[in-house]
Each structure stands twice: as structure tokens, then as C-alpha cells.
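Undergrad: This is the structure, below, for whatever I ask next.
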Amino acid sequence: MLKRMNRVRICAINSAPVSSQSSSTSLTDNMVSSSSLVSQLGLKAAVLVVVCLLLHGGGSGVAAKELCVDYYDHTCPNAYKIVQGVLVEAHKSDPRVFASLIRLHFHDCFVLGCDGSLLLNTFPGFESEKDAVPNNNSARRYDVVDAAKASLERACPGVVSCADILALAAEISVQLSGGPGWGVLLGRLDGRTSSKAQAENLPGPFDSLKNLTDKFSAVNLDVTDLVALSGAHTFGRAKCLFVTNRLYNFSGTNQPDPTLNPAYRAFLSARCPRNGDPNSLRDLDPTTPNTFDKNYFTNLESNRGYLDSDQLLKSDPGALRTTAPIVDRFAGSQDAFFKSFALSMIKMGNILPITDPSRGEIRKHCAFVN
Numbered sequence: 128m129l130k131r132m133n134r135v136r137i138c139a140i141n142s143a144p145v146s147s148q149s150s151s152t153s154l155t156d157n158m159v160s161s162s163s164l165v166s167q168l169g170l171k172a173a174v175l176v177v178v179c180l181l182l183h184g185g186g187s188g189v190a191a192k193e194l195c196v197d198y199y200d201h202t203c204p205n206a207y208k209i210v211q212g213v214l215v216e217a218h219k220s221d222p223r224v225f226a227s228l229i230r231l232h233f234h235d236c237f238v239l240g241c242d243g244s245l246l247l248n249t250f251p252g253f254e255s256e257k258d259a260v261p262n263n264n265s266a267r268r269y270d271v272v273d274a275a276k277a278s279l280e281r282a283c284p285g286v287v288s289c290a291d292i293l294a295l296a297a298e299i300s301v302q303l304s305g306g307p308g309w310g311v312l313l314g315r316l317d318g319r320t321s322s323k324a325q326a327e328n329l330p331g332p333f334d335s336l337k338n339l340t341d342k343f344s345a346v347n348l349d350v351t352d353l354v355a356l357s358g359a360h361t362f363g364r365a366k367c368l369f370v371t372n373r374l375y376n377f378s379g380t381n382q383p384d385p386t387l388n389p390a391y392r393a394f395l396s397a398r399c400p401r402n403g404d405p406n407s408l409r410d411l412d413p414t415t416p417n418t419f420d421k422n423y424f425t426n427l428e429s430n431r432g433y434l435d436s437d438q439l440l441k442s443d444p445g446a447l448r449t450t451a452p453i454v455d456r457f458a459g460s461q462d463a464f465f466k467s468f469a470l471s472m473i474k475m476g477n478i479l480p481i482t483d484p485s486r487g488e489i490r491k492h493c494a495f496v497n
């Protein structure tokens, strides 16, 4: 096994196509379990992780393409602690902040890959993903990312990308909420463009099961990833406007969603009345709204999913042989959910990362290209 400075490196294959580049990959059952990633997920689960994998550049002379847990160990060794400190401080005044930050990472990775494109501001001639319907007046706490960036710039200027800050903030948010930790693969560069048009097609609360499956498949995520990542709705809030149709006019019937638990329907109706404020926020998981646990799935088992896109993972006719068995497994085992969630986060974090310096940069400010 290759070693560098007597330590094991945990690296992942860059999923973005790179011309003139070859790779040599060896996955074995006797991989050394010497990182938090492997110990958290187990050897067989870490199927996308390669110990001591180096993807050597070809004739182009471009640097090796890799994401690694220890990417900043020598250039910004306190990066994780710095981001963590900013998040802990933000949480003191905003219990929603952890759920908000992981959502930023999701919405970033699903559009153009995990490149920090969501963070860019709109300016004349440039439309930002921030202004797309799924993000506008919905995605929040960009200021916390900016604060983390400012702290990192003071400690190690021009080193840590905004895209990597999102990845770190997502893992820290989950762990501080009682969920699993994982070895965050790092080394992404920030993109120089944004796509409002693609952001309009993010997975949404009104999507059918087929639409959700197709959107995840388009970024090489499977049905297990769909169910596991949906489990992030175990904490956070959502507006009443996303549930009122289920309460009062499901599919244009002027009747409630028949899959909605009657007691839960009454509970929601009292909090989201027919003519109430559509922007009122309600807990996605009323049992443990600020804790990362498996209760999201136990709620689905009893038809207490807040969003239609949540409940259909269990109740849709097409779920019987696809997503429903996975919901059942996670409802019965928090350990199974945590392991799958961590692996799915690693897979999602490896959607088209930019590692070629000719295509990306380390932004000085996350809202603007350099």
C-alpha cells in the first residue's frame, strides 16, 4: 500500500470526466480502517472510497485530480475547527441553521456539481442560482458560509474553497445535531459560473416518485441515495404552502391526501389553516425537530410525512419494490440509516467537483468570482 508521510490517505475518484487522464484503482476487502470515514461506514460500505488512490495527470500536465480527507492538513490544518466554531456560534441564535446549511450543500451539488455555484450573486448579465424558484426566499444562511470563509481567509488566505466550506458545514451540521460523522473529502475548486435554469429543476416537494428517481439518477445517485438523503428532513422547517394542498385539495379533489394520518392531518390543519399564512414555518419532524435521527422514517411508516415527496417514498404504488423497503429498513435501524446517509453524502459530494485549476479557483469572497 502506498504511503505518504507515514499516513493513510482517503481519496475518491473524481467523477467529472477529464481528458487525457488515466487512473488505476484497486479496491480490496482488506482495506486499512485507519480513518473516521472507513470506521464510520465499514469496509464494504465505503465503495466509492479508495485508500491511497492517486489519479495521475496525463500528458496535459494538469495536477492530479483527487478529493482527499487530508487535503488541507498542511495548508490549513485548522480548517475543520474554524468552520465548526462559526457554526456553533450561529446556532446560538438560530436553531434552524444546521438544516439550512446542509440544504445549501444539496442544492449546490445538484446544479453543475459541487462547485459553490449556488453562492454566487446575481449581477447584470449573470443570473444566479440563488434567484431560482427553489432557492429564492427559501435557501438561507449564506451569511454563515461568508463568515466561515472570512475566518478561513484570516487563518490561511486563498486556501480553502467555498465549495469545500459547504461540504464541511454539511457534515458538521449533521454531527452537531446528533447524526453521523464522516471523513469529508476535500479539494474542490470554486466554479466561475452559475445556472439559474438548471436550479429551476432541483428535486422538489411536489415531484412524483419517478421524477425524483430520475433527477437523482441524472447525477448518478440511486434509490438508496434518494431515501437516505431525504432523511435529512429529520430536522428543519418547511412553509405551510408546501402542505396545504395535501390538507385541503389533494390532486384537485378538494379532499385531503388519503395517505395522510388523520391525527397528523388535524395537527397540521391547526397549524396551517386553509386561509392562513402560507409562509408560516412548521417542523418537518414534529417529534424531534432539531435532532438528526431516524424519526423521519418512523413518521413515514405511520403516514406522518410532512411533504408529499417524503410520504410517497413509503406510500406511492411505485414504492413497493423500490423505496418503501429502504424506508422500512431505516425506520427499523438508525445505524443502517446513519451508515447509508454518510455514504450517500460522500457520493453526492463527489458530483462533478472541479479540481482542474484552469476551470476553477479559490474565491476570495463566496458571492463573487475573483
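Per the working numbering: the sequence shown ends with 497, consecutive numbering throughout. Each residue gets a CB set at the ideal place from its N, CA and C atoms; glycine is no exception. Fair warning: this is a prediction, and the values are worked out from it, not measured in the lab.
1) Would you identify the three-state DSSP class for PRO489, choosing helix, strand or coil?
2) Using three-state DSSP, classify ARG398 as helix, strand or coil.
3) Please check the pair SER498 and SER244, which I expect to be a contact at CB under 8 Å, by giving their CB distance rounded to whole angstroms.
4) Give me the Cα-Cα distance between ARG392 and ARG364, rounded to the nearest whole angstrom.
5) Expressed to the nearest angstrom, what Euclidean distance is found between the alpha-carbon atoms of THR482 and PHE495?
6) Does LYS276 come out as helix, strand or coil in the three-state DSSP assignment?
7) Provide the residue(s) that pair with ASP317 in DSSP beta bridges, ordered along the chain.
8) Please determine, among ASN477, PHE225, GLN438 and GLY212, the residue with the shortest C-alpha to C-alpha distance to ASN347.
9) With DSSP collapsed to three states, give me the class of LEU239.
10) Tell me where the beta strand (DSSP E) around LYS366 begins and ends.
11) So does the segment 371 to 384 actually touch the segment 446 to 453, counting three or more Cβ pairs closer than 8 Å?
12) Give me whichever residues DSSP pairs with ARG409 in a beta bridge.
13) Please list the terminal residues of the continuous alpha helix (DSSP H) segment that includes ALA446.
14) Am I right that ALA217 and VAL301 are in contact with their C-beta atoms under 8 Å? What's the rounded C-beta distance?
15) At the level of alpha carbons, what is the spacing between VAL287 and ASP200?
16) Have a look at ARG373 and ASN388 and give me their C-alpha separation to the nearest angstrom.
17) Within the continuous alpha helix (DSSP H) that includes GLN325, where are the two ends?
18) Using the rule of at least 16 other Cβ atoms within 10 Å of the residue's Cβ for burial, across every protein chain shown, is THR340 buried or exposed?
19) Rank LEU411, PHE457, ALA345 and THR418 by C-alpha distance to the C-alpha of ASP437 and give the top, closest one.
20) Could you tell me how far apart the beta carbons of LEU312 and VAL210 are, in whole angstroms, since I believe they sit closer than 8 Å?
21) How long is the line joining the alpha carbons of LEU295 and VAL213, rounded to whole angstroms?
22) Buried or exposed: where does GLY318 fall if 16 or more other Cβ atoms within 10 Å of its Cβ makes it buried?
23) Note down, in chain order, each residue of its chain lying with its Cβ closer than 8 Å to the Cβ of HIS360, except the 5 sequence neighbours on either side.
24) Spell out the partners DSSP gives PHE250 in its beta bridges.
TA: On the basis of the supplied data:
1) Note that residue 489 is Ile in the sequence shown here, rather than Pro. The answer is coil: DSSP assigns ILE489 none of H, G, I, E or B.
2) helix
3) Absent from the model: residue 498. The displayed extent of the chain is 128 to 497, so no value can be given.
4) 17 Å
5) 19 Å
6) helix
7) GLU488
8) ASN477
9) coil
10) 364 to 366
11) no
12) ALA365
13) Careful: ALA446 lies outside any alpha helix (DSSP H) and carries neither H nor E.
14) With 8 Å as the limit, ALA217 and VAL301 do not qualify as a contact, their Cβ atoms being about 15 Å apart.
15) 11 Å
16) 11 Å
17) 323 to 326
18) buried
19) LEU411
20) Their Cβ separation, rounded to whole angstroms, is 15 Å, which puts LEU312 and VAL210 out of contact at 8 Å.
21) 12 Å
22) buried
23) LEU411, ASP412, TYR423, TYR433, LEU434 and ASP437
24) PHE253
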